[in-house]
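Shown next, in structure tokens, is the structure this report addresses.
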Amino acid sequence: MRTLLVTGGNGYVGTVLTAQALAQGWRVFTLDTRPRDESPLPPGDLTEVAGDIRTPEEWSGVLRHVDHVVHLAAVVGDPACGADPDTAWETNYLATVRLAEACHRHDIRELAFASTCSNYGVAADHMAHTWSPVAPQSVYAKSKVFAEHHLLSARDRGLRARILRFSTLYGWSPRMRFDLVVNRMTADATWDGVINLVGGEQWRPFLHVRDAAGVALASLTATCPELIHNCGVTSENYRIADVARMVGEAVPQARLLQTPGGSDRRDYRVDFDGLEKSLGFRPGWTVSAGIREIVGQLRSSHGPTGVGGMAAVMN
Ligand SMILES: NC(=O)c1ccc[n+]([C@@H]2O[C@H](COP(=O)([O-])OP(=O)(O)OC[C@H]3O[C@@H](n4cnc5c(N)ncnc54)[C@H](O)[C@@H]3O)[C@@H](O)[C@H]2O)c1
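Below you can see the structure in the form of structure tokens.
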């Protein structure tokens, strides 16, 4: 049986990925500092480890049992990293270095690393490719770029680390994140009847959370020589104002409230045309379908629970 450690397995992506891995027959170990949500999982072999990725004594024993790793655990997003840069560097960079060393000691050869297209920073005048220069604008993106460098150098010691530069994610997960721009705008429109648009001209690529989980799992068994992968859909690069328009189409009674852009300079479009060929996975979702799904979920649930009033950010 193929075995897999999912760090950050109880997060937004991790819960979806764990369910998909179990459904595919993987034996799964999760590592996270917070407990799993209570949503049902497909039947399968799951071991949950409560531990901190920064403290190898809490998880390195697990590596005896696994042959693949998906590394998701991180302080995620510019605001969270900016609020506590030391913890962000320890978690996103140093712990990744330690994880690579531990994989080496346990002869683990396949790791997928959740990085971000935010690394491209300001690049809207062209389509960014995997070989384009990065221009990280925040502690978050810088910590991911440093971690990428380290993992790519680990190849010399036998670890094939695939760098998955995810687009900004959206869509429904049992561990929902309402700080992501599509999710946030959709929730505001559904619950409060307002679409809060900050700026709007800046470009972002988007990917559904289930497609992100699918591409990460596909990457573990892919054989292509490339190690850096932009994960998204070329036709799903949008300006933030386009997202507001799509939310308005799904929630026509919501009112648009536009305010000038803030301090976030990121503005990038990304080419994803090589993804299916290299990793054998084709994302199937579109932002507008994802918005409709979220609206349906929110209308059938019990309304906001402690998620209101947060500003939308875009990882
Ligand atoms: N959501 C996005 O739009 C997006 C975009 C690009 C990249 N990513 C990357 O994908 C990965 C998953 O993101 P997500 O959206 O699921 O975020 P998330 O915050 O929902 O999940 C991260 C998980 O890591 C756990 N974690 C944090 N610090 C830890 C520690 N010290 N030890 C153990 N566990 C710890 C958290 O408890 C959480 O469950 C991250 O690496 C993120 O940088 C996400």
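For what it's worth, the numbering used here labels the leading residue of the sequence shown as 190, then goes sequentially. All C-beta atoms, glycine included, are put in the ideal place defined by N, C-alpha and C. This one's a predicted model, so the numbers in the text were calculated from it and none came from an experiment.
Go ahead and pull the three-state DSSP assignment for W320.
coil
Alpha-carbon to alpha-carbon, I384 and D345
49 Å
To the nearest angstrom, how far is it from the Cα of R191 to the Cα of N199?
20 Å
Taking 8 Å as the cut-off, does the segment 327-342 touch the segment 367-375 (at least 3 CB pairs, one atom from each stretch)?
no
For the segment 251-291, which segments carrying the beta strand (DSSP E) assignment without a break, of at least 3 residues, lie completely within its bounds, in sequence order?
257-260
Ignoring anything shorter than 3 residues, give me the beta strand (DSSP E) runs that lie fully in the segment 429-483, in order along the chain.
444-448, 456-459
Would you say the beta carbon of D400 is closer than 8 Å to some non-hydrogen atom of ligand 1?
no
Which residues does DSSP list as the beta-bridge partners of D221?
A239
Around the Cβ of C413, are there at least 16 other Cβ atoms within 10 angstroms (buried) or fewer (exposed)?
exposed
With a threshold of 8 Å on Cβ separation, who are the neighbours of P231 within its own chain once the five nearest residues in sequence on each side are excluded?
A208, L211, A212
Pull up the CB-CB distance for R351 and L416, whole angstroms please, since I reckon it's below 8 Å.
6 Å
Using a Cβ-Cβ cut-off of 7 Å (strictly less than) and excluding sequence neighbours within five positions of A291, which residues of its own chain qualify?
P245, S249, L252
Residue closest to A343, alpha-carbon to alpha-carbon, out of R287, A272, A277, N419:
R287
Looking at L261: is its Cβ nearer than 9 Å to the Cβ of L193?
no
Is the closest heavy atom of ligand 1 to the C-beta of V202 under 8 Å?
yes
Cα-Cα, which of W392, L468, R428, S490 is closest to A405?
L468
Restricting to runs no shorter than 3 residues, where is the beta strand (DSSP E) found entirely within the segment 306-392?
311-317, 349-355, 357-359, 383-387
Excluding the 5 residues flanking T423 on each side, which residues of the same chain have their C-beta closer than 7 Å to its C-beta?
D460, F461, D462
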